[in-house]
Structures are given as C-alpha cells and as structure tokens.
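Only one structure is covered here, and it is reproduced in the block below.
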Amino acid sequence: MASSQRAAEADAADAEQTQVLEFGLGDETYCLDIAYIDEIVDADDLTAIPNSPRHVEGVMDLRGKTTTIIDPKTLFGIAGTGARERIIVFDPDEVDDGGTVGWVVDEVFQVRDVAADQVDEATTAGDDSVRGIVKGDDRFVVWVEPRTE
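The opening residue of the sequence shown carries number 21 in the numbering used here; numbering runs sequentially from there.
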C-alpha cells in the first residue's frame with residue numbers, strides 16, 4: 021500500500037510540473053510556459069511600421085503570414101543591449117492579439133520542467149506580466165506571461 025501512495029504522490033508532483041522556455045534579455049534570464057509558443061525562428065530583417073508604438077519593432081513575413089514583432093525589453097522596462105538573435109512566435113490560439121505576434125530576444129537557452137514548489141509567486145501589485153521567480157541551483161529565472169502591449 022505504501023508503494024501505491026508513493027506512486028500517487030509522484031504522479032501528483034508530475035502533474036504540477038510545467039515546461040518553460042528559458043531565454044535571455046539583456047543580462048537576465050526569463051522564461052515562458054511553452055504552451056504559449058508556436059515556434060522559434062532566427063531574427064531576420066524586419067519591416068518598420070511608421071507611427072507604431074515604441075515596443076513594436078516591426079513586422080516580418082513568416083511563411084506567408086505577417087507577424088508583428090515586439091521588443092519585450094521595452095514592454096517590461098528592461099535595460100541592456102544584446103544580440104537580438106531569435107524570435108519567439110506565440111501561438112495565436114493562446115495569445116489573443118488578433119494575429120501572429122513574436123518577441124525578439126537575445127538568446128534562447130533551453131526548455132525545462134519547473135515544479136510548482138520551485139516558483140515564488142510574484143508580488144508586483146497591478147502587474148500581471150510576471151508570474152513568479154523560478155529558483156534554480158545557482159540562479160533565479162523570471163517567469164513572465166506573454167504581453168503584446
């Protein structure tokens with residue numbers, strides 16, 4: 021009976037795990053739930069949109085779809101410069117913005133499992149873009165929610 025209880029506890033722990041994509045913005049590491057992500061592509065040439073909001077970097081053609089590219093550093097007020105090498109494209113069914121949207125990021129690191137007990141809930145009043153802080157062995161990762169404005 022004890023082994024079935026341990027198995028049930030292990031199943032419950034697995035159910036509380038979420039896969040996240042870790043990426044770099046400036047000198048910090050951030051992550052997103054992979055359920056929001058459709059694909060990751062190289063940052064190619066963007067077409068600027070005149071009179072667009074400051075956080076909109078431009079648009080790109082992604083397999084025949086016009087994809088709006090956003091700078092999350094501007095959205096979140098993150099300082100620093102970086103390589104801006106990759107674009108995280110969000111699943112339009114998960115991120116309702118009326119079209120295909122992506123974030124330009126400096127680097128993409130890895131996909132990893134995060135257990136609920138590894139996350140310190142965010143305490144930023146009025147800002148629902150930060151879900152929490154993921155505690156790692158030797159570092160902290162900021163877990164953010166996809167924002168497009």
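Every residue, glycine too, gets a C-beta built ideally from N, C-alpha and C.
Please read these numbers as outputs of a predicted model, since none were measured by experiment.
Look up T49 in the DSSP assignment and say whether it is helix, strand or coil.
strand
Starting from the Cα of P73, find the closest Cα among T94, A63, I60 and I54 and give me that residue.
T94
Candidates I89, K85, V162 and T168: closest to E105 by CA position
I89
Starting from the C-beta of G78, find all residues in its chain whose C-beta is less than 7 Å away, skip the five residues before and the five after it, and write them out in chain order.
L66, T67, A68, I69 and I89
For E36, tell me which candidate among E48, G46, D47 and D53 has the shortest Cα-Cα distance.
D53
Any chance the region 150–163 sits against the region 124–141, with 3 or more Cβ pairs inside 8 Å?
yes
Restricting to Cα atoms, I'd like to know which of V134, D64, G84 and T38 is closest to W123.
D64
Using DSSP's beta-bridge definition, name the partner residues of I153.
D140 and V162
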